[in-house]
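Numbering (our numbering), first residue to last: -3 to 112.
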């Protein structure tokens, strides 16, 4: 149960997906990445106790950011929007090592909402 291991494996599948020209392989690589990133998030769940103690309603901003990117690449707008919202919730108290992504996530959410 080591944090970041599943995330790194998921990122490897994202790289594979971005480098392949076979649409089926790309889709399968993205699905593998999703499963590893979700496994990463599951290692540190947000429970009612956590929320009561910290105010956090989401965690692991990086995994949510990666998931939003994948869902965007797959054209899954609803899932992308959900992950962007979770990303923003996770960065509310803890920011991000790349703070420019917070503004980008807000802009992407506005764009997704405008498309509906």
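For every residue, glycine included, the Cβ atom is placed at its ideal position computed from N, Cα and C.
| task | Please report the residue range of the alpha helix (DSSP H) in which residue 6 lies. | result | The residue labelled residue 6 in the question sits at position 10 within the chain shown. Residues 1 to 15.
| request: Using three-state DSSP, classify residue 44 as helix, strand or coil. | output: In the chain shown, counting from the first residue as 1, residue 44 sits at position 48. Here residue 44 carries a helix assignment [DSSP, helix/strand/coil].
| request: Quick one: grab the DSSP three-state call for residue 91. | output: Here residue 91 refers to the residue found at position 95 of the chain shown. In this structure, residue 91 counts as coil in the three-state DSSP scheme.
| query | Could you give the distance in angstroms between the alpha-carbon of residue 10 and the alpha-carbon of residue 26? | reply | In the chain shown, the residue the question calls residue 10 occupies position 14. In the chain shown, the residue the question calls residue 26 occupies position 30. About 6 Å.
| Taking one C-beta from the stretch 54 to 64 and one from the stretch 78 to 86 each time, how about it: are there three or more such pairs within less than 8 Å? | yes
| message | Can you tell me whether residue 59 is helix, strand or coil according to DSSP? | response | The residue you call residue 59 lines up with position 63 of the chain shown. Here residue 59 sits in helix by DSSP.
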